[in-house]
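Residue numbers (UniProt numbering): 1 to 298.
A virtual CB, placed ideally from N, CA and C, is assigned to each residue, including glycine.
These numbers were taken from a predicted model, which means no experiment stands behind them.
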C-alpha cells in the first residue's frame, strides 16, 4: 500500500514519500481504471508562492489527487519544517531555525537525496508518453506558446508548439497514441467552448470516448484552472498542468545541463537562459525559503 499522506507548506498540500515508479503505478493502476477523472499538480516553490495570493489556485492544489514535489526547494522546506517542529519554542528557537535552514540549504549542493526525491514534471510527462507508446494510452497536448527574449508571447507565428512537441514525441516514441495537439486556443474561459469542440472532434476521429492523459500548458495557475473547469467534460482520466514542458519537448527551450540538476540549481540555469523569468525565480529563491522561515516562527 503506497503512502499518499500529505504534508503542508504555507497551507499548500504536498504528497511525499513517492518516487517516480510509485507515481506511475498510482496513475496507471488506479486513476486510469477507477472510472473517475483525476488531476495531478507538479507543485514547485513558484506554485506555493502564487497560491498565497490566489485562494482559488490554493484550493485546486489542495483538492488535487496528487500534489507532487517538483523541485528541491519544496523538499528542503518539508525537511526543515519536520526538523524544527521538534524544537522547543524558547528564546533560542528563531536562531536554531535559522541555522537549520542554512544547513539544509547549503547541504543540498553536496547531497543528491533531493535529486532522487523530487518528481520533475517534465520527467513525469516523458514517462507517461513512454507508457502511451507501450500500451496505446491516448494523449492530448494542449497549449504552449512561443515567447521572445523578453518572455512576451509571439502572436504572429506559424509554429504550433503542441504540434511540434507531438512530432518530436512521435519520433522518440513511435507507438505513442497522440490523438490531438494544438496551441491555437486561449486559456481564458471565453475560449473553453471552441477548445472543447476541437478536442471532441479529435476524439471522435480516433473513435474514443475518453482521454487517458491530457497535458495542458497554459502557465502555472491558469492551466490548473482550465483543467478543473473542463477536464470532466471530455472524460480526461488524468490531467496535468505541464507549464514549459511542451516547449522543452518541442525543442524551443533547452533542458538544463546535468551539472545544474545535480546541484539543484535549475533555477540558476533558467535565470541565465530566460532572464525574463526573474520575478518568478526570485519568488522561488530567496522569497520562498524566507517565507517558510517566517511562517515557522509563528
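- In this model, residue 220 and residue 207 are separated by some 32 angstroms (Cα to Cα).
- Across the structure, residue 258 and residue 69 are spaced so that their CA atoms are roughly 19 angstroms apart.
- For residue 247, the uninterrupted alpha helix (DSSP H) run begins and ends at 245-250, by DSSP.
- Burial check for residue 248: the Cβ neighbour count within 10 Å reaches 16 or more, so the residue is buried.
- A direct Cα-to-Cα measurement between residue 26 and residue 92 gives close to 43 angstroms.
- Contact between residue 203 and residue 179 holds, with the beta-carbon distance rounding to 6 angstroms and staying under 8 angstroms.
- Judged by beta-carbon spacing, residue 181 lies beyond the 8 angstroms limit of residue 193, meaning their Cβ atoms are not closer than that value.
- For the pair of segments examined, the stretch 119-134 was found to touch the stretch 6-23: the number of CB pairs separated by less than 8 angstroms reaches three.
- With distances taken between CA atoms, residue 232 lies nearest to 37 out of 37, 115, 9.
- Counting the other CB atoms within 10 Å of its CB gives residue 109 a total below 16, which places it among the exposed residues.
- Of the residues 24, 227, 278, the one whose Cα lies closest to the Cα of residue 188 is 227.
- Beta-bridge analysis with DSSP links residue 188 to no other residue.
- Residue 218 holds the alpha-carbon nearest to the alpha-carbon of residue 161 among 218, 117, 116.
- Taking the C-beta atoms as reference points, residue 31 is found no nearer than 8 angstroms to residue 72.
- Secondary structure within the stretch 101-183: the beta strand (DSSP E) runs of 3 or more consecutive residues, fully enclosed, are 138-143, 177-182 (chain order).
- Annotated as distal: residue 60 and residue 80, with beta-carbon spacing of 8 angstroms or more.
- Contact between residue 140 and residue 211 holds, with the beta-carbon distance rounding to 5 angstroms and staying under 8 angstroms.
- Assignment of residue 87 by DSSP, reduced to helix, strand and coil, places it in the coil class.
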